[in-house]
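Using this note's numbering, read the sequence shown as starting at 27 and increasing by one per residue.
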Amino acid sequence: MTNTEHQQNVQTTPQTAAQTTPHTAALVIGGTGKTGRRVAEKLTAQGHPVRIGSRSGAPAFDWNEPATWAPALEGVDRVYVTYHPDLAFPGAAEQVGAFSRLAVESGARRLVLLSGRGEEAAAVAESNLKASGADWTIVRAAWFNQNFDESFFLEPVLAGEIALPTAGAVEAFVDADDIADVVVAALTDDRHIGKVYELSGPRLLSFAEVAAELSKATGREIAYVSVTNEEYRAVLRENGLPEEFADLFTMILDGRNAHLAHGVEEALGRAPRDFSDYAREAAATGVWNVA
Ligand SMILES: NC(=O)c1ccc[n+]([C@@H]2O[C@H](COP(=O)([O-])OP(=O)(O)OC[C@H]3O[C@@H](n4cnc5c(N)ncnc54)[C@H](OP(=O)(O)O)[C@@H]3O)[C@@H](O)[C@H]2O)c1
């Protein structure tokens with residue numbers, strides 16, 4: 027691709043094409059996941075070479091197998107860093123730090139980290155990534171809308187009952203497409219270097235309100251049931267899932283994230299997508315249909 031073609035292809039909102047930078051390859055870690063898949067698709071649509079960094083990628087990339095990191099970084103000049111299963115889990119911050127140092131040594135200049143809001147462990151991972159000397163952007167996201175149709179809340183929605191230890195607490199759910207748009211901008215425009223963007227959707231919603239939105243969108247009754255943290259831990263154990271997932275709800279319960287953030291507007295100059303629009307469009311795909 028010529029530089030002119032490249033500049034015509036890159037996202038220009040709100041920045042101008044002249045301020046964008048040339049590319050070799052972008053490594054998108056978790057490139058088949060909720061935000062990574064969208065980032066990979068958007069970069070590819072703009073003509074940028076993309077390598078998927080995941081256990082099913084070629085070459086395979088596995089956070090738990092450091093020997094897989096260097097092959098995945100070959101020929102890469104920028105990386106979207108998403109950790110799995112969660113940046114707040116023990117050991118994640120150290121792995122992100124070690125990976126970031128290797129990425130810079132391998133020639134990657136730009137690192138964009140998907141982080142969480144208000145998580146102490148995620149803040150340590152952010153510091154470790156910044157210490158690598160890369161040109162960095164931090165994207166701190168609220169809980170994703172897409173957890174309800176592409177992830178761990180899909181089965182409860184299909185079963186018609188979302189049972190969680192959140193009582194009436196609220197979360198500022200954000201859309202994965204908005205996150206991906208901010209990440210793509212951060213990967214392709216120098217003006218996002220050194221910025222910390224905190225992303226939320228436009229409304230605070232309790233899980234009972236989410237259930238009502240999903241009921242409206244699907245035309246089926248989807249109930250919210252409040253359970254204790256201990257009851258929720260038992261369900262996680264029964265399903266072979268990490269009990270640490272239950273700890274993530276403390277950040278919803280203690281109110282630290284019970285406010286809107288404006289990173290989508292700051293980075294892109296437009297408003298974030300509302301949960302109702304997400305729910306209506308996801309319902310139209312048939313993902314929540316039950317036989
Ligand atoms: N979900 C939310 O609401 C939310 C909110 C804020 C922040 N976050 C942060 O976002 C990050 C991603 O979480 P997510 O729930 O959205 O998951 P996700 O991105 O949908 O995760 C799935 C992706 O991770 C890859 N993956 C799984 N295990 C891996 C491993 N050991 N090494 C490399 N890649 C692996 C999967 O591909 P393969 O199976 O092929 O490996 C897939 O591409 C976490 O760090 C979390 O803290 C999530």
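In this text, a Cβ means the ideal position worked out from N, Cα and C, and glycines have one as well. Since the structure is predicted, the reported quantities are computational estimates derived from the model, not experimental observations.
Judged by DSSP secondary structure, Leu69 falls within the alpha helix (DSSP H) whose first and last residues are Gly62 to Ala71. Per the coordinates, the alpha-carbon of Thr50 lies some 42 Å from the alpha-carbon of Gly281.
The criterion of a C-beta distance shorter than 7 Å is satisfied by Val196 and Ser232. Listed in chain order, the alpha helix (DSSP H) runs fully inside the stretch 147 to 221 are 180 to 185 and 202 to 214, counting runs of at least 4 residues.
Annotated three-state conformation of Ser226 is coil, per DSSP. Sequence-distant partners of Glu120 (beyond 5 residues in either direction) whose C-beta falls short of 8 Å from its own C-beta, in its chain, are Asn154. Under DSSP, Leu53 shares a beta bridge with Arg77 and Val105. At a Cβ-Cβ threshold of 7 Å, Val313 and Asp215 do not count as neighbours. Between ligand 1 and the CB of Phe125, the shortest heavy atom gap is not smaller than 6 Å. Counting of Cβ neighbours within 10 angstroms places Glu269 among the exposed residues, the total staying below 16.
Nearest to Gly142 by C-alpha distance, out of Tyr109, Gly220, Arg136 and Asp300, is Tyr109. Boundaries of the alpha helix (DSSP H) around Arg259: Asn255 to Glu264.
With respect to the 7 Å criterion, Ala206 and Lys68 are classified as neighbours on the basis of their beta carbons.
For the 7 Å CB-CB criterion, Leu128 and Trp95 form a contact. Taken atom to atom, the span from the alpha-carbon of Val183 to that of Thr70 is near 32 Å.
For Arg127, the uninterrupted alpha helix (DSSP H) run begins and ends at Ala118 to Glu131, by DSSP. Annotated three-state conformation of Ser82 is coil, per DSSP.
Taking 8 Å as the upper bound for CB-CB distance, Asp103 and Arg136 are in contact here, some 7 Å apart. Secondary structure of Val313 (DSSP, three-state): coil. Boundaries of the beta strand (DSSP E) harbouring Leu140: Arg136 to Gly142, taken from the DSSP string.
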